[in-house]
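To start, the structure under review is shown below, and the notes come after it.
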Amino acid sequence: MVSVRFVSLCLICTIVVGAEKETFPIDQRVAAVRDLIVKLDRVGQLLVLTCWPAPVRYALWQTIGSTISIRFASVDERHLPCHEQNHHQTLVVVDLACPGTGLLLQSANQLLYYRVRWIVLKSKLEEQENTQGWSNCSDYALLERLPLLVSNELFYFCTEEPTGRHFVRQQYRLSQAVSSVLEPFGSWEPEVGVHVEPPSVRASVTSTRRQNFRQFQLRASLVILHNETLNHLDDLHEKQYDTISRVNYLLTKSVAYALNATVRFSFVGTWGYRDPQTGRHTGMIGELQSDLADLGGTSMFFTQDRIALVDFLAMTVSSRASFVFRAPKLSFTDNVFVLPFDQYVWYCTVSFILLSGVLLLVVLRAEQGTAEPTDSTASRVTTGLSDTLLNVFGTTCQQGSFIEPKTAPARCLILLCLVVLMFLYAAYSANIVALIQSPSTKIQTLEDLLASRLKTGAEDTVYNQYYFRHATEPTRKALYERKMRNKDGTENFLPLAKGVELLREGHYAFHVEEGVCYKLISETFQEEEKCGLQELEYLKVIEPYYAVRKNSSFGEHVRINLFKLREFGIQGREHTLLYTKKPRCLGGSSFIPVSIVDVWPALVTLGWGYLLTLAVLIGEQLWVRFRRRLLPADGYFQP
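Here the sequence shown stands for residues -19 to -1, 1 to 620, numbered as in mature numbering (1 follows the signal peptide of the UniProt record, and there is no 0).
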């Protein structure tokens, strides 16, 4: 954010119109505005709120109107650029000699230091000598009463009494309670223009030039959820608690050191959420809104409802809160008995069984027809279609063949079926063993988590409780109502250690800040248990950002130093010291015993088979009894 500077320009301007000449010399007010604009960048529009006569306004428009848009208006606060979209490109010109200009500046409020730049003129006419001159540098007592904070861009012209030189100056203050700091910008001569002193000032923007706060005390609000953290803000003890606050605490101290300022921390227990009864926010956001804090010492999530409350500056921590869970066994989410073969392999296998059964039936029928009736050693074979299909299916399951063919074609067919189905059985069995030991990757979205049999919980923090309880999106709302809230009214908000322990036991998804969770996982999990860790994002928000009070005059100064800390590697160092990365899977493995969930589809098939068998048995018994009732006493139907 570019701050706004007020340029108070003191000029004695008269337009001398000669009786014999129809042209008149350029007014010094016009010359001063023109010369200063040359030294400024990003001037897209000039807003002139003065009582100047028409010839002076026309001269100004004629001088710079071809390069910059100029708008003239009366001295009235209604004409201030409060709601203009590009008011950061607006340069406002006012004259303290015009009635009402003082009240106009006082009503400008934050426009004095936020985005808009100003040129303030104070013209006077020495009628006796018919010459123009500047007001003395001591004639600007009004500036001491204005909120010209550190981000303002105020330029004013004044005359030094002993030498008579004209200077362009700026002044700022860090707060209304401290005195102003005088900052020379350059000198001005009507024939030469504005001479910047030193030349580097022109290339240096306000926020980079005013980096010395002279031990001014900044107020920072810090969110602390565990009281023990207050004793370990400067060390690495128990770093899994309030990690995000501890990182930003160190970065805030580094920013204050870079600005030659001190910092006073106030500790709150929440980031700040809207109270539906009062309409105000609590916690850190509440302190920023109430001007009790200048800096939000703990990064917060970048959400739409907070944009109007605070100014977000930079991302200081790369941390996300997600559901962390160990990938369950594949049999937990899929039927492993249908996974070994592709669907086309299944089609081919079934087709092969049917085709083999039909061919076997044909061969056996032909064999039975050519057999000698007196051959007492010939085995009697059954040649029904159901028998041959049952025989081939038994062969598929490596149960052998109860049919003993006598001819070469039948034996070749049986041998071919045994060989082909042996390879299929071996491939199927090997795949089943591998799949039972494999983790599932099916849970990729919140919908998958909701539909799964995983239990869920969340770390007992303020932001977790708020976002889960106030979720309005259908899937997130259903996840809270069906998995986070129990039937007895309790909620699954757990301490960090308890949640990680449930995560280690498996079949549990724990919503927690990832870096904090990974520290405990690294310390408590076995090597093989660290494999298969998965994350599933719930909040769907941008990573935490550092924030300051809305329209703060310190915003750009803090932002620049936060970027420097990131570029110089200091931010990365603090993040590495306090956050733990995701544990690497080092190849450790353990045998996973077969459980009921692995063979559940087979048990279900067996159960349905039992039910079907009983149903058929009962049906046959009823059919036999029904037929007996229909038969006459002699056992034959009468026509």
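We put the beta carbon where it would ideally sit given N, CA and C, even for glycine.
- Apart from the 5 residues on each side of it in sequence, Phe293 sits with its Cβ closer than 6 Å to the Cβ of Phe283, Tyr526, Ala528 in its chain, given in chain order.
- Given a length threshold of 4 residues, each whole run of the alpha helix (DSSP H) inside the region 278 to 339 is given here in chain order: 311 to 314.
- Counting along the chain, Arg530 sits inside the beta strand (DSSP E) bounded by residues 523 to 530.
- In the three-state reduction of the DSSP assignment, Ser160 falls in the coil class, being assigned neither a helical nor a strand state.
- In the three-state DSSP reduction, Thr140 falls in the strand class (E or B).
- In this structure, Ala201 lies near Gly277, with their beta-carbon atoms less than 9 Å apart.
- Spanning the alpha carbons of Ile18 and Asn542 requires a straight line of approximately 29 Å.
- The secondary-structure analysis by DSSP pairs Tyr489 across a beta bridge with Lys436.
- Secondary structure of Leu477 (DSSP, three-state): helix.
- Per the Cβ contact rule, the region 184 to 199 is in contact with the region 533 to 542 (3 or more Cβ pairs under 8 Å).
- Looking from the CA of Leu129, the closest CA among Tyr94, His218, Val149, Ser226 belongs to Tyr94.
- Between Phe53 and Thr31, the alpha-carbon positions lie close to 8 Å from each other.
- Contact between the region 225 to 232 and the region 548 to 556 is present: 3 or more CB-CB pairs across the two stretches fall below 8 Å.
- In the DSSP secondary-structure assignment, Trp33 is not bridged to any residue.
- DSSP, reduced to helix, strand and coil, places Thr243 within a strand of the structure shown.
- Counting only runs of 4 or more residues that sit fully inside the region 219 to 276, the alpha helix (DSSP H) segments are 224 to 239, 264 to 270, in chain order.
- Collapsing the DSSP output to three states places Thr422 in coil.
- Of the residues assessed, Phe607 falls on the exposed side of the cut-off, its CB having fewer than 16 other CB atoms within 10 angstroms.
- Contact check for Leu335 against Leu370 passes: the beta carbons are separated by less than 9 Å.
- Under the DSSP definition of a beta bridge, Gly167 partners with Val149, Val177.
- The Cβ atoms of Leu61 and Leu77 lie no closer than 9 Å to each other.
- Shortest Cα-Cα distance from Cys498 to any of Leu402, Phe306, Val331 involves Phe306.
- Between the region 241 to 254 and the region 434 to 449, the count of Cβ pairs shorter than 8 Å is three or higher; the stretches touch.
- By the C-beta criterion, the region 377 to 393 is judged not to be in contact with the region 480 to 500, since fewer than 3 inter-stretch pairs fall below 8 Å.
- Checking the DSSP bridge columns, you'll see Val204 partnered with Val249.
- Around the beta carbon of Ala407, fewer than 16 other beta carbons lie within 10 angstroms, which makes this residue exposed.
- Buried is the label assigned to Thr279, since at least 16 other Cβ atoms lie within 10 Å of its Cβ.
- Within the same chain, and ignoring the five residues on either side of His213 in sequence, the residues whose Cβ sits closer than 7 Å to its Cβ are Glu219.
- Measuring C-alpha to C-alpha distances from Leu320 to each of Ala411, Gly438, Gln602 identifies Ala411 as the nearest.
- Of the residues Phe197, Phe322, Ala490, Leu399, the one whose Cα lies closest to the Cα of Leu416 is Phe322.
- The closest CA to that of His176, considering only Asp215, Ala439, Asp16, is found on Asp16.
- Counting along the chain, the unbroken beta strand (DSSP E) around Glu516 starts and ends at 514 to 518.
- Arg261 and Leu269 have their C-alpha atoms roughly 12 Å apart.
- Of Thr140, Arg457, Ala274, the smallest CA-CA separation from Leu203 is found for Ala274.
- In the assembly as shown, Gly267 is a buried residue. Its beta-carbon has 16 or more other beta-carbons within 10 Å.
- The alpha-carbon of Ser88 is positioned some 43 Å away from that of Arg301.
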